[in-house]
Amino acid sequence: MEKMVRSYDYDKGCWSSYTGNGISYSSLHAFNSSMNCFISDIDIEPGVKEARFVCLDGENAMLFLLEKCMKQFPDVEQIYIGPGVNSLHFSNFMFPNVKYVESDSKSFLSGQMLVSRSGSLYNVFCRKPEDVIDLNKVIFIEDKAFAGCMSTNIINTDNVSLVDSMAFDGSAVSMADFEDGVVMVGDNIIIDVNEDADEIVLPRNCVVSHAIEKRHLKKAVIKDMKMLSGLQLNADTIVIDDDNERDMESLAKYGLTYAKTIELTEKTRSLGYIDVDGIVYSADRKTLLVCPGRRTKPVNIPEGTEIISAFAFAGSMIESVSMPDSLKRIEQHAFNGCKCLMHVDIGKGLTNLGEPFSSGAMFNGCRNLQYIDIPENIKYISSNCFSNSGLTSVTLHEGLETIDSDAFNCPIQNVEIPKSVKNIDLWNFPMLDEANIKTHSMPAITNIVKSNCKKWNCRSNMADLKINIDCIAYPVFVPAKLTSAGLRRLNSLLGKALFRDTDSNDVNQTTFLCITSEPRIKQRLALKMYDAVESNEIKAYLRRAGKSIAEWMILDKDEEALIRFLKKDIITANTIDKLIPQMDAAEMINAKAYALEYIRKSTKEKSFRI
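With the working numbering as the guide, the letters of the sequence shown map in order to residues 10 to 619.
Below you can see the structure in the form of structure tokens.
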């Protein structure tokens, strides 16, 4: 074992360990809980031919992370990797003249390049033009593995299955001319494509560098569909020319995110596909499988289509879609993340939007979708259906029965709930200002209330909710800070109003004030009730609480609210006179002026009557 000495520099906050062969390591990182040692700097004396990366005494593992170490050691011709060295990262230019790597590490192979035992190629080093580069044991070519390499003589590429986007940056290969619109390494690796070519053909069994994802192509012909599972081509048109048998719906999972239109050859159509207006359907045209991601023009799904597959439009740039009356099912996430979608015509064929007991999320994240009309044929809306969408308005028709949780977790502020609705789960319509409710379903009403109260909704900027129920002659106001006890009292009062004689005296506007025990909240609700319907019982309550209401308006420095309250002619001139000193202290000049004028008129009228 090589002798190493560790020293600690208290001024720099780093420790260093030295070998006796002219090499030193240093790091600003202390040990972590797993006893790994992270090395971030290295120095090698001139004339040293072998760089030795070895584990320090007492360390379980060494990780050499030298990408940011801007040093060069041209005298080094060989690298040794000792046991316990688990990670080794550096630029080719740090060791430009290395010819061989000897490894006793479980993580790396011995050979002419730095290759992990799992087949990842990290460093080819700066090979000369006449050198041969053998990729026999390489599966994955990492970023910058070929940087500085002048050789284009690369052999045995058949095992390579993945190439990072910058794998060949700064190499002689990256400067090669296009042949048939591509730059090819070996017989199967495409590292670049010509953006100016009218058509690029990607052959079967070829490996395509992720670098070509940055190129904008006019047309790309794909000979193997599975290539799209890990590659997103930015092409106006993708032509799929593949007759290998696969499950019909598997195509929807492949990477057509950046295509504007899809074309299928006769070979591909023989598998049970067909392309209509740039969109892929099953051969019988009953199932829409996938829409290209960069399509923007309106989508009119043809009559006869019965199913929209899961993720078929997910993430696409479509702005409008019209569905046929023949449609029977939209599968989960079908339009998920369509951020440009603004118009949806659901058609008259569907009865459900999603399936029960599943997170449909069909229109989840459609941020530009601000309005939708849910037709009368829809009876059920699944959970998360329009969650996180941009909906600010929705029309629900008679016939709708169930809305699952989170279906409308979006910024709708006013909604009308049809009489046919039997259940609305929690976290629907959580930003309401007003709800017009025709249904008498207590579970539906209760969950609308809970979704707009802080106890069941963590949203911070919540306001009181106004509820208009058909059989109640006045609106009911629910405070954002409703408690569980308050909810029970509210349900009891609504039950009496909905299912008993509504002319009875046991339920009126003032009885709904008992849903809260906090005086200030009760007074605020009473003001809103009076603004909606000027009833005598609410006016009497406000007269009794008038001084208290005015005082908290003054305390809040809400002069406009105070003036509006005084104009209601509810509290007496004598009470207003007692509030003048508080208005002075709060510097409410306009409110005081109105109060004094009110007192003057009141006194004059009283004198006249005498």
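Note that CB positions come from ideal geometry on N, CA and C, so glycine has one too. Only a predicted model underlies this, so the values are computations on that prediction, with no experimental measurement involved.
Below 8 angstroms between beta carbons: does that hold for MET371 and GLY363? yes
Taking the alpha-carbon of ASN517 as reference, which of ILE481, ALA244, LYS475 has the nearest alpha-carbon? ILE481
Three-way DSSP call (helix, strand, coil) for LYS567 in this model: Position check: residue 567 holds Asp in this sequence, whereas Lys was assumed. If DSSP states are grouped into helix, strand and coil, ASP567 belongs with coil.
Decide if CYS46 is buried, meaning its Cβ has at least 16 other Cβ atoms within 10 Å, or exposed. Buried, by the Cβ-count rule.
Exposed unless 16 or more other CB atoms sit within 10 angstroms - verdict on THR511: Below a pLDDT of 50, predicted positions are generally treated as unreliable, and THR511, at 49, falls in that range; the measurement from the model is reported next regardless. THR511 comes out exposed.
Measure how close the beta-carbons of LYS146 and LEU118 come, nearest whole angstrom, since I'm counting them as under 8 angstroms. 6 angstroms
Given this structure, state the Cα-to-Cα distance separating SER180 from ARG213, to the nearest angstrom. 26 angstroms
Reference ILE163, options GLY239, GLU204, ILE142, SER331, closest by Cα: ILE142
To the nearest whole angstrom, what separates the beta carbons of TYR1 and GLY324, a pair I think is in contact under 8 angstroms? The requested residue 1 is not part of the displayed model; the chain covers only 10 to 619.
Do you know how far the Cα of ASP252 is from the Cα of THR277? Each residue's Cα considered, the two are about 5 angstroms apart.
Among the candidates LEU298, LEU72, ARG61, whose CA atom is the shortest distance from the CA of GLY31? ARG61
How would you write the range of the beta strand (DSSP E) that ILE421 sits in, first residue to last? Per DSSP, ILE421 belongs to no beta strand (DSSP E) and is neither H nor E.
Residue range of the beta strand (DSSP E) that includes MET234: Neither: MET234 is in no beta strand (DSSP E) and is coded neither H nor E.
Cβ shell of PHE187 (< 7 angstroms), same chain only, five flanking positions each side left out: ASN203
Within 10 Å of its beta-carbon, does GLN341 have 16 or more other beta-carbons around it, so buried, or fewer, so exposed? buried
Roughly how many angstroms separate the alpha carbons of LEU242 and ILE90, rounded to a whole number? 39 angstroms
Near ILE421, which residues of its chain fall below 8 angstroms by C-beta distance, leaving aside the five closest residues on each side in sequence? LEU400, THR401, SER402, VAL403, PHE438, MET440, LEU441
Using the Cα positions of PHE73 and GLN379, report the straight-line distance between them to the nearest angstrom. 53 angstroms
Taking the alpha-carbon of TRP465 as reference, which of PRO488, ALA444, ASP479, ILE446 has the nearest alpha-carbon? PRO488
Specify the secondary structure class of GLY120 as computed by DSSP and reduced to three states. strand
Closest to THR314 by C-alpha separation, out of ILE339, LYS388, PHE508, would be which residue? Looking only at ILE339, LYS388, PHE508, the smallest Cα-Cα distance to THR314 is reached by ILE339.
What are the boundary residues of the alpha helix (DSSP H) that includes ALA535? 528-541
Going by the CB atoms, is the gap between GLN532 and ILE558 shorter than 8 angstroms? yes
Taking ASP84 as the reference, which of SER96, VAL94, PHE102 has the closest Cα? PHE102
Using a Cβ-Cβ cut-off of 7 angstroms (strictly less than) and excluding sequence neighbours within five positions of ALA321, which residues of its own chain qualify? ALA261, LEU297, LEU298, VAL299, CYS300, ALA343
Which residue or residues does DSSP assign as beta-bridge partners of CYS46? MET71
Check whether THR360 and ILE387 have beta carbons under 8 angstroms apart: yes
Tell me which residues share the same chain as PRO427 and place their Cβ nearer than 7 angstroms to its Cβ, disregarding the 5 neighbours each side in the sequence. LEU405, HIS406, GLU407, LEU409, LYS447, THR448
From TYR483 to ALA541, what does the alpha carbon distance come to, in whole angstroms? Rounded to whole angstroms, the gap between the alpha carbons of TYR483 and ALA541 is 8 angstroms.
Tell me whether PHE366 is buried or exposed, calling it buried when 16 or more other Cβ atoms sit within 10 Å of its Cβ. exposed
Which same chain residues end up closer than 7 angstroms to MET562 when comparing Cβ atoms and leaving out the 5 residues on each side of it in sequence? ALA570, LEU571, PHE574
Would the beta-carbon of SER331 fall within 8 angstroms of that of ASN309? yes
Per DSSP, what kind of secondary structure is GLN591 in: helix, strand or coil? helix
Burial state of GLY304, where buried means 16 or more other Cβ atoms lie within 10 Å: The amino acid at residue 304 is misidentified as Gly; the sequence shows Arg. With 16 or more other Cβ atoms within 10 Å, it is buried.
Quick one: grab the DSSP three-state call for GLU272. strand
Beta-carbon proximity of SER391 to ASP413, cut-off 8 angstroms: Taking 8 angstroms as the Cβ cut-off, SER391 and ASP413 qualify as a contacting pair.
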